[in-house]
Amino acid sequence: MAEQVISPDLGFVKDIIAGGGESLKKCFQCATCSVVCNLAPDDKPFPRKEMIYAQWGLKDKLLPNPDIWLCHQCSDCTVYCPRGAKPGEVLNAVRKLAIEHYSVPNFLAKAVGKKQHLAFLFAIPTVLFLLILASLGHLNPLNVPRNEAGQISFAKFLPSLYIDGVFVPVAIFAVVCFAIGISRYWKDMKRLAGPVNKGNIWSTIIATIWEILEHKRFEKCNVTKNRKIAHFLVFYSFIGLAITTAWAVLYLYGPGIMKLFGAEPFSWMLGESPYPLTDPLKWLANASALVLLIGISLVIRDRLKNKEKVGSGGYYDWLFITIVFLVMATGILAQLFRLADIAVLAYLIYFTHLVVVFFLFAYAPFSKMAHMVYRATAMIFAKHIERES
Ligand code: SF4
Ligand code: SF4
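Note that our numbering has the sequence shown beginning at 24, numbered continuously upward.
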């Protein structure tokens, strides 16, 4: 048998422990976790092998390993582990390090993962929006002009030109960072897997998207069965809010574009907000916000309820949950205070909403939100190399 040289990375072990995998060293390799995991493939199942890689600091075997993402953190393994080694939490910490490892620019990924940089991350959008408001003379919410109907108008407070001037580059930045991170991860997975059978990439992409939309894998979890409902609601509320945003862009720019081509704009393209509560766009926006409220509340409730059994996650998980909660809460409250005609509170909360939305999207490639993209990529790869059917 050929001799294998193993070079442990002790710094990596420390990083896993700091990221929430503090129970790692308790594992004595009994393999109960791999037996109870309903999501692991029969051939070389996880998470026992990942536990030993993590104990030995085998970074090169762990980070490009698609199995760390095939795990959906249902925590069955954690509950049945006779040593309390919490493999579900260890894999969660490894996933955080994988996002950090593949992300570009790396300093931002490191900053998102550490509490001490939180103020800096919030300062960027806060200062940016304050400078824009100062240039418009809108730092005092009572000086903001109302619209023609005499209503509070967020479009008057911060005109769409400025909003788009910030969020379009933010979206481009996030997409480029995701693309770089994912292509680095894909190359590394290929390197680790070596020469393998390869299925049709397009059919695997379609099958994976369909599987994600159905949320089927969560049904295989036993201990945290409710995660499917919470995750499902949050996932579809995001889709609803994305459609709302695209719809609002159509309302805002549709009439101008149609006029440019000599056509008469459709009467349903309402132009600048605020839109009446009876408009279908508002129905979808408010329904999505309500679904998000229920979904994220269930996520928080389940995590707190299962804290003793499976752990509640670390700073990285709670940062993402808190930001999603704030996006939802500030969105709903800004609308309520606008409708109640309380300008100071409406504008203050809308300002906070913009800051947290910036946080959510600008740092998405480095935060827990990136799990959507990395997990989908790993699922596609696993099907592609026929590790999964
Ligand atoms: S994590 Fe627990 S269940 Fe899994 S191999 Fe280690 S001791 Fe056994
Ligand atoms: S957390 Fe769930 S999916 Fe992940 S390894 Fe453990 S049992 Fe399997």
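Using N, Cα and C, we set each Cβ at its ideal position, and we do this for glycine too.
Between P64 and F201, the C-beta gap is not smaller than 8 angstroms, which leaves the two residues out of contact. Considering only D90, A157, S46 and L159, the residue with the shortest C-alpha distance to P110 is S46.
Contact between G43 and A116 is confirmed by a C-beta separation of about 4 angstroms, below the 8 angstroms threshold.
At least one heavy atom of ligand 1 lies less than 7 angstroms from the C-beta of F51.
One alpha carbon belongs to K137, the other to R118, and they sit about 15 angstroms apart. At a cut-off of 7 angstroms, the beta-carbon of T345 does not count as near ligand 1: no heavy atom of the ligand is closer than that. The residues S183, G294 and E295, in chain order, have a CB closer than 7 angstroms to that of L275 in the same chain once the five nearest residues on each side in sequence are set aside. The DSSP-derived three-state label of G80 is coil. Per DSSP, A286 is not a residue of any alpha helix (DSSP H), being assigned neither H nor E. Going by DSSP, S206 is part of the alpha helix (DSSP H) stretching over S183 to A216. Using a 10 angstroms sphere on the CB of F284, the tally of other CB atoms stays under 16, which defines it as exposed. For ligand 2, no non-hydrogen atom lies closer than 7 angstroms to the CB of L275. In the structure shown, the three-state DSSP call for P388 is coil. It is roughly 44 angstroms from the alpha-carbon of N309 to the alpha-carbon of V58. Annotation: the continuous alpha helix (DSSP H) that includes N115 extends over P110 to Y125.
For D325, the secondary structure class from DSSP, reduced to helix, strand or coil, is helix. Within the model, the alpha-carbon separation for I235 versus L165 is close to 46 angstroms.
At least one heavy atom of ligand 1 falls within 7 angstroms of the beta-carbon of M74. In terms of side-chain proximity, the C-beta atom of Q96 is found nearer than 7 angstroms to a non-hydrogen atom of ligand 2. S260 counts as buried, since at least 16 other C-beta atoms from the protein chains shown sit within 10 angstroms of its C-beta. From the listed residues L315, I317, L316 and W341, the smallest Cα separation to L327 is found for W341. L120 is not a Cβ neighbour of L93, given a cutoff of 8 angstroms. A direct Cα-Cα distance of roughly 29 angstroms separates K67 from N329.
Not one heavy atom of ligand 2 is found less than 7 angstroms from the C-beta of P105.
Leaving aside the five residues that flank F51 on each side, the residues in its chain whose CB is nearer than 7 angstroms to its CB run, in chain order, R106. For K305, same chain residues with a beta-carbon under 6 angstroms away, outside a window of 5 residues either side, are Y298 in chain order. With the rule of 3 Cβ pairs closer than 8 angstroms, the segment 183-197 counts as touching the segment 375-392.
In terms of CA proximity to L377, L151 leads the group P89, D32, K72 and L151.
Burial check for N163: the Cβ neighbour count within 10 Å stays below 16, so the residue is exposed.
At least one heavy atom of ligand 1 is found less than 7 angstroms from the C-beta of A108.
At a cut-off of 7 angstroms, the beta-carbon of L47 does not count as near ligand 2: no heavy atom of the ligand is closer than that.
E171 and L114 do not touch by the CB rule: their CB atoms are close to 56 angstroms apart, not below 8 angstroms.
Within 10 angstroms of the beta-carbon of I91 lie 16 or more other beta-carbons, which makes it buried. The three-state secondary structure of D340, taken from DSSP, is helix.
Between T353 and I365, the gap from beta carbon to beta carbon reaches 8 angstroms or more. Taking a 10 Å sphere around the C-beta of P31, we find fewer than 16 other C-beta atoms and assign the residue as exposed.
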